[in-house]
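Each residue of the sequence shown is one higher than the one before, starting from 48 at the first, in our numbering.
We put the CB at the ideal spot given by N, CA and C, even for glycine.
Please read all numbers here as calculations on a predicted model, not as lab measurements.
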Amino acid sequence: MKLEMTPLPDRLNRPEVVEKSWVVTLSGSRFSILKPEPEAVKIEDIACALARQARFNGHTRFFYSVGQHSCLGAQVSPTKDVALQMLFHDATEAYVGDLVSPVKALLPDFEIIESRIHWAIAQKFGLEYPMPKIVKQIDRRLLATEIRDLITKDLKSWNIKEDEPFDFPIIPWPPEVTEARFLELARELMK
Numbered sequence: 048m049k050l051e052m053t054p055l056p057d058r059l060n061r062p063e064v065v066e067k068s069w070v071v072t073l074s075g076s077r078f079s080i081l082k083p084e085p086e087a088v089k090i091e092d093i094a095c096a097l098a099r100q101a102r103f104n105g106h107t108r109f110f111y112s113v114g115q116h117s118c119l120g121a122q123v124s125p126t127k128d129v130a131l132q133m134l135f136h137d138a139t140e141a142y143v144g145d146l147v148s149p150v151k152a153l154l155p156d157f158e159i160i161e162s163r164i165h166w167a168i169a170q171k172f173g174l175e176y177p178m179p180k181i182v183k184q185i186d187r188r189l190l191a192t193e194i195r196d197l198i199t200k201d202l203k204s205w206n207i208k209e210d211e212p213f214d215f216p217i218i219p220w221p222p223e224v225t226e227a228r229f230l231e232l233a234r235e236l237m238k
């Protein structure tokens, strides 16, 4: 069963609002934030933007991107399908940025907008929508690993258990490496 895109509330579905709700991506595509179309989603735009966006709003000891986070999530996934879900789980951020969770919680319309973009991405790449629960589980363990390696060894202050992080260390990649790895992983997983 294919789930439909979340409907827009009336205040966002006015022509004058919709007309202004787009971004131009690296590929030159005009991507509508409020009325995203699967055809407008480009893997190269996603790889480029996520490779250059900082996780944790940049509050890490070293630059660490959303793109690398997505690649690592794909690499630790138990199956090819889950790996593809992990690779694209934060792909909406290529179009609307990576807002920190406390800010997202204050903006209820943002969740609707992000959900609509995720739907278009899922349609484009044949992903499960909404995402399977295992994505959140892997994401949580990656978060724990990132905090340990990039922010603080004091995991208790983040309500993280000692055994939650993955065993591997996170060594940040430069944006160009992340972009190339993201595209390589995507091509490999979509075969």
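Residue burial is scored here from C-beta neighbours: serine 124 has at least 16 other C-beta atoms within 10 angstroms and is therefore classed as buried. Secondary structure in the segment 70-129: the beta strand (DSSP E) runs of 3 residues or longer, each lying completely within the stretch, are 77-79 in chain order. Collapsing the DSSP output to three states places valine 182 in a helix.
Judged by DSSP in its simplified three-state form, phenylalanine 215 adopts coil rather than helix or strand. The beta carbon of alanine 98 sits closer than 7 Å to the beta carbons of Ser112, Gly114, Pro222, Thr225, Glu226 and Phe229 from its chain, once the five residues preceding and following it are set aside; these are given in chain order. Out of Phe213, Glu158 and Ala130, the CA that lies nearest to the CA of lysine 180 is found in Ala130. According to the DSSP assignment, leucine 232 belongs to the alpha helix (DSSP H) that extends over 222-236. In the displayed model, glutamate 209 falls within coil according to three-state DSSP, outside both helix and strand. No residue range can be given for serine 68, since it is assigned to no alpha helix (DSSP H) and is classified by DSSP as neither H nor E. Per the coordinates, the alpha-carbon of valine 64 lies some 11 Å from the alpha-carbon of isoleucine 80.
Its Cα nearest to that of threonine 107, the residue Arg195 stands out among Ile164, Lys171 and Arg195. A direct Cα-Cα distance of roughly 22 Å separates phenylalanine 78 from alanine 101.
Counting along the chain, the unbroken alpha helix (DSSP H) around tyrosine 142 starts and ends at 140-143.
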